[in-house]
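**Student:**
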Ligand SMILES: CC(C)(COP(=O)(O)OP(=O)(O)OC[C@H]1O[C@@H](n2cnc3c(N)ncnc32)[C@H](O)[C@@H]1OP(=O)(O)O)[C@@H](O)C(=O)NCCC(=O)NCCS
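Numbering (our numbering), first residue to last: 1 to 400.
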């Protein structure tokens, strides 16, 4: 039997079914748990979205109160996690690396890691989701040489994340913007980190391992690492325009031509599935306008959208067959900068949102109970002849 055709990057390959989200890359439509993204993300609280993904329906008031209380009670991280984060801060490790290391230590508070009952797994799902913001905020404070701030169990998930970063309760507009962001990125079909988490859990490994693997995947610049560079691009173009006295759009055009002409990629543009504008960019774009208008300073928003227009034109001209459009990362950078985060917090905050999707997929995969195990077509030598090391002149690489 001949090998089936290799599908590079598994593009377009269906690996399973999911009820969690539907990505229509041609129409540019994203459905999360049955709701259009545009309806869910700007209106729901993150806890409501978690309930939707984990239990397949929106919660009633009492269910929401219960889930909020449960998650709030799970926010504290253990002492050894703080010690490890302190050591990581001393080395000034990137926040995503510290997050990956910190989440791994959460096994220390698992009462019985060998218990794989659905109750124990559900508790792990909630624990890791509740604690990821604490790991990120604790590390960020340590990195800045500041004392970590204990989680505040009296305020919701998103508000508490901002509180732990800043040490004071954030403005409701900032909380809403952050919540819209984490809802927007909570799930997105079979993206690389979600797939990674499903591959790991499919071996009947554990939930912490699956989430740690997903963080490792998300950290890559082609997946969750793009928003920092996307905003840096806008700052860099602004700087150039100030230095040259030229118009921002003129500088943006020469910068984009330089990057794309030199074979580089512009972060915040292009997507494996969307060949039209990423619908998440629109939802976040609207949230960004609200946030910046509310703050009374729209200068960065205006400059970013001007740069976006120019980059799209340059990409259309230099990569005419590729249909490269704005993706979620571009507006992520604006929103997160707008709520007062430095760019090294952008990818970790993506994880703060996406963990809801990872854990829901992990639960789906546990229920599917089928190990993921594709094949590779062998392209190496065949029939090599073994020779003892003392008789080997060419490393034994001769064919048979
Ligand atoms: C996300 C991404 C990996 C998806 O791309 P993909 O569908 O796998 O496409 P490929 O990597 O095969 O690239 C196809 C072509 O488009 C070009 N391309 C894709 N995205 C580009 C970008 N952002 N800037 C410039 N060129 C880009 C590639 O250089 C390649 O051109 P070539 O065939 O002439 O060599 C890609 O668009 C990218 O690297 N974007 C920037 C990183 C980013 O924003 N990631 C966040 C995604 S949400």
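The beta carbon of each residue, even a glycine, is placed where N, CA and C say it ideally should be.
What separation, rounded to the nearest whole angstrom, lies between the Cα atoms of residue 400 and residue 202?
**Tutor:** Numbered from 1 along the chain shown, position 400 holds the residue referred to as residue 400. Numbered from 1 along the chain shown, position 202 holds the residue referred to as residue 202. Any reading at residue 400 must be qualified, since the residue scores a pLDDT of 45, below 50, and its modelled position is unreliable; the value itself is stated next. Approximately 39 Å, taken between the alpha carbons.
**Student:** Per DSSP, residue 326 is paired with what?
**Tutor:** Numbered from 1 along the chain shown, position 326 holds the residue referred to as residue 326. Beta-bridge pairing links residue 326 to 269.
**Student:** Return yes when at least one heavy atom of ligand 1 lies under 7 Å from the C-beta of residue 277, else no.
**Tutor:** Taking the chain shown and counting its residues from 1, one reaches residue 277 at position 277. Incorrect: residue 277 has no Cβ contact closer than 7 Å to ligand 1.
**Student:** Any idea what DSSP makes of residue 232, helix, strand or coil?
**Tutor:** Position 232 of the chain shown, counting from 1, holds the residue named residue 232. Looking at residue 232 - three-state DSSP - the assignment turns out to be helix.
**Student:** Given 8 Å as the limit, is there contact between the segment 32-46 and the segment 282-300, that is, 3 or more CB pairs closer than that?
**Tutor:** The answer is yes - the segment 282-300 touches the segment 32-46, with three or more Cβ pairs under 8 Å.
**Student:** With DSSP as the reference, label residue 59 as helix, strand or coil.
**Tutor:** As a working mapping, residue 59 is identified with position 59 in the chain shown. Reduced to three states, the DSSP call for residue 59 is coil.
**Student:** Under the assumption that residue 14 contacts residue 85 (Cβ atoms under 8 Å), give the Cβ distance between them as a whole number of angstroms.
**Tutor:** Counting from 1 along the chain shown, the entry for residue 14 is found at position 14. Counting from 1 along the chain shown, the entry for residue 85 is found at position 85. Going by Cβ atoms, the distance from residue 14 to residue 85 rounds to 39 Å, so no, they are not a contact pair.
**Student:** Suppose you measure from the CA of residue 27 to the CA of residue 71; what does that come to, to the nearest Å?
**Tutor:** The residue you call residue 27 lines up with position 27 of the chain shown. The residue you call residue 71 lines up with position 71 of the chain shown. Between residue 27 and residue 71, the C-alpha separation is close to 36 Å.
**Student:** How many whole angstroms separate the CB atoms of residue 268 and residue 333, which I take to be in contact at a CB cut-off of 8 Å?
**Tutor:** One-based indexing of the chain shown puts residue 268 at position 268. One-based indexing of the chain shown puts residue 333 at position 333. Between residue 333 and residue 268 the Cβ distance is about 7 Å, and since that is below 8 Å, they are a contact.
**Student:** Output needed for residue 227: all residues of its chain with C-beta closer than 6 Å, excluding positions within five of it in sequence on either side, in chain order.
**Tutor:** The count along the chain shown starts at 1 and reaches residue 227 at position 227. 329, 332, 333 and 346, listed in sequence order.
**Student:** Starting from residue 29, follow the beta strand (DSSP E) in both directions and report where the run begins and ends.
**Tutor:** In the chain shown, residue 29 corresponds to position 29, counting from 1. Its beta strand (DSSP E) spans residues 29-32.
**Student:** Enumerate in chain order the residues of its own chain whose CB-to-CB distance from residue 75 is below 8 Å, with the five nearest sequence positions on each side excluded.
**Tutor:** Within the chain shown, residue 75 is the residue found at index 75, counting from 1. Excluding positions up to five away in sequence, the list reads 130, 131, 133, 134, 151, 153 and 160.
**Student:** If you follow the alpha helix (DSSP H) that residue 249 is in, where does it begin and where does it stop?
**Tutor:** Locating residue 249 in the chain shown gives position 249, counting from the first residue. First-last of the alpha helix (DSSP H) with residue 249: 248-261.
**Student:** What is the DSSP secondary structure of residue 400, counted as helix, strand or coil?
**Tutor:** Taking the chain shown and counting its residues from 1, the one referred to as residue 400 is at position 400. Caution is warranted here: a pLDDT of 45 is assigned to residue 400, below 50, making its placement in the model unreliable, and the coordinate value is therefore given only provisionally. Coil, per DSSP.
**Student:** Work out the CA separation of residue 311 and residue 252 for me, nearest whole Å.
**Tutor:** The residue given as residue 252 occupies position 252 in the chain shown. The residue given as residue 311 occupies position 311 in the chain shown. Between residue 252 and residue 311, the C-alpha separation is close to 7 Å.
**Student:** So what's residue 343 in DSSP terms, helix, strand or just coil?
**Tutor:** Residue mapping note: residue 343 aligns to position 343 of the chain shown, counting from 1. In this structure, residue 343 counts as helix in the three-state DSSP scheme.
**Student:** Are the segment 202-214 and the segment 57-67 in contact at 8 Å, needing three or more beta carbon pairs?
**Tutor:** At 8 Å Cβ cutoff, the stretches do not touch.
**Student:** What are the start and end residues of the beta strand (DSSP E) that includes residue 24?
**Tutor:** Against the chain shown, residue 24 aligns to sequence position 24. Taken as a continuous stretch (DSSP letters only), the beta strand (DSSP E) holding residue 24 covers 21-24.
**Student:** Taking the CB atoms as reference points, tell me whether residue 215 and residue 351 lie closer together than 8 Å.
**Tutor:** Your numbering for residue 215 matches position 215 in the chain shown. Your numbering for residue 351 matches position 351 in the chain shown. Yes. Within cutoff.
**Student:** So, are the CB atoms of residue 99 and residue 139 less than 8 Å apart?
**Tutor:** Here residue 99 refers to the residue found at position 99 of the chain shown. Here residue 139 refers to the residue found at position 139 of the chain shown. It is a contact, given that the beta carbons lie within the stated cut-off.
**Student:** From the DSSP output, in three-state form, read off residue 113 for me.
**Tutor:** Taking the chain shown and counting its residues from 1, the one referred to as residue 113 is at position 113. Residue 113 falls in the coil class under three-state DSSP.
**Student:** Can you tell me which of 106, 16 and 53 puts its alpha carbon nearest to the alpha carbon of residue 34?
**Tutor:** By one-based count along the chain shown, residue 34 stands at place 34. Among 106, 16 and 53, the Cα nearest to that of residue 34 belongs to 53.
**Student:** For residue 92, verify whether its CB is less than 7 Å away from any heavy atom of ligand 1.
**Tutor:** One-based indexing of the chain shown puts residue 92 at position 92. Result no, Cβ not under 7 Å from ligand 1.
**Student:** Note down the Cα distance separating residue 46 from residue 383, rounded to an integer number of angstroms.
**Tutor:** Along the chain shown, one-based indexing puts residue 46 at 46. Along the chain shown, one-based indexing puts residue 383 at 383. Going by the C-alpha atoms only, they are around 57 Å apart.
**Student:** Below 8 Å, how does it come out for the segment 105-117 and the segment 192-199: are there three or more Cβ pairs, yes or no?
**Tutor:** Touching, no.
**Student:** With H, G and I counted as helix, E and B as strand and the rest as coil, what does DSSP make of residue 152?
**Tutor:** For this step, residue 152 is matched to residue 152 along the chain shown. It is coil, neither helix nor strand.
**Student:** Nearest to residue 213 by alpha carbon, out of 248, 392 and 104?
**Tutor:** The residue labelled residue 213 in the question sits at position 213 within the chain shown. For the residues 248, 392 and 104, the minimum Cα distance to residue 213 belongs to 104.
**Student:** Need the endpoints of the alpha helix (DSSP H) that residue 80 sits in, please.
**Tutor:** The sequence position of residue 80 within the chain shown is 80, counting from 1. It spans 79-90 - the alpha helix (DSSP H) in which residue 80 sits, taken as one unbroken run.
**Student:** If distances are taken between C-alpha atoms only, which option among 168, 165 and 183 comes closest to residue 30?
**Tutor:** Residue numbering aside, residue 30 sits at position 30 when the chain shown is read from its first letter. Of the candidates 168, 165 and 183, the one whose C-alpha sits nearest the C-alpha of residue 30 is 183.
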